[in-house]
Amino acid sequence: MTSKNIPSTKHASNWQGSVSCGDIVAFEMPSEHFDNPLQPPKKALPWLVVDEAIYIGTRYLTLARGHDIGTTFNHGPQIRVEHSAAFGAAGLMQPTVYNLRGLVIVSVNHEGFALNKDGTPVLGRLVGDELVQLERLRALIHATNVERAEGRADMLKQQALLAKRSGRQMSGMIIPAPIAIPKPDPQK
Numbered sequence: 039m040t041s042k043n044i045p046s047t048k049h050a051s052n053w054q055g056s057v058s059c060g061d062i063v064a065f066e067m068p069s070e071h072f073d074n075p076l077q078p079p080k081k082a083l084p085w086l087v088v089d090e091a092i093y094i095g096t097r098y099l100t101l102a103r104g105h106d107i108g109t110t111f112n113h114g115p116q117i118r119v120e121h122s123a124a125f126g127a128a129g130l131m132q133p134t135v136y137n138l139r140g141l142v143i144v145s146v147n148h149e150g151f152a153l154n155k156d157g158t159p160v161l162g163r164l165v166g167d168e169l170v171q172l173e174r175l176r177a178l179i180h181a182t183n184v185e186r187a188e189g190r191a192d193m194l195k196q197q198a199l200l201a202k203r204s205g206r207q208m209s210g211m212i213i214p215a216p217i218a219i220p221k222p223d224p225q226k
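Under our numbering, think of the first position of the sequence shown as 39, with each following residue one higher.
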């Protein structure tokens, strides 16, 4: 599914700081291999960087796994990389679909990133319509996160108001912040 892991010059020296939304990276899902070095590692697959965020000083990436087009995993919101120019720019050898239903969030320091001889897991990048589609789906995900967080906060405020009116105390009230929404990195 992937081609030779040839990095662009922007990623070769410090990929952890320069990898961004729309990049395709080689990543091996955690398995028993990490606990048992004698077990052969699973094959690193192409993953799409859907989002990025910094939490408590550590940079995290939200990744979507790539699958061959036509597999049973092709359901839910997805980015299809079908045209030869698109999958060539993404560092892929064949058409691939990225399903946004099974996202994972990992630190850029995660040992699952499969580095090539130049020290980067970056295979390529989405271009054109595929990149536009990713941005549209990211906006939808962020809007949904905000809406859900606001709905939960409103519900808790109503419960607190009802508790106050009835004279009972509401202990342990927590109003959730929309922490699932990455804040822009101030250094960019």
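The C-beta atom is built at its ideal place from N, Cα and C for all residues, glycine as well.
Label residue i either buried or exposed according to how many other C-beta atoms from any shown protein chain fall within 10 Å of its C-beta, with 16 as the threshold for buried.
| i | result |
| --- | --- |
| I94 | exposed |
| G157 | exposed |
| E70 | Note that E70 has pLDDT 49, beneath the 50 cutoff, so the model's placement of it is unreliable and no number is given. |
| R186 | exposed |
What span of residues does the beta strand (DSSP E) with residue i cover, start to end?
| i | result |
| --- | --- |
| L194 | First-last for L194: 166-203, but that is the alpha helix (DSSP H), not the beta strand (DSSP E). |
| G104 | 96-106 |
| A64 | 61-65 |
| Q116 | 116-119 |
| N137 | 134-137 |
Who are the Cβ neighbours of residue i in its own chain at under 7 angstroms, not counting the five residues just before and after it?
| i | result |
| --- | --- |
| V142 | L101 |
| I179 | none |
| P133 | I107, V119, E120, F125 |
| Q116 | V135, Y136, N137, L138 |
| A82 | A64, F65, E66, A152 |
Ordered along the chain, which non-local residues of its own chain (more than five positions away) have a Cβ less than 6 angstroms from that of residue i?
| i | result |
| --- | --- |
| G162 | I62, A127, A128, G129 |
Under a three-way DSSP split, which group does residue i fall into?
| i | result |
| --- | --- |
| Q54 | helix |
| P84 | strand |
| R206 | coil |
| D89 | strand |
| N147 | coil |
| G162 | strand |
| K221 | Note that K221 scores a pLDDT of 45, beneath 50, so its modelled location is shaky; the value from the coordinates is reported in the next line. Coil. |
Could you pull the start and end residues of the alpha helix (DSSP H) that residue i belongs to?
| i | result |
| --- | --- |
| G126 | 122-127 |
By Cβ distance below 8 angstroms, which residues in the same chain neighbour residue i in space, the five residues on each side in sequence not counted?
| i | result |
| --- | --- |
| Q54 | R97, V146, N147 |
Are three or more beta carbon pairs between the segment 52-62 and the segment 160-174 nearer than 8 angstroms?
yes
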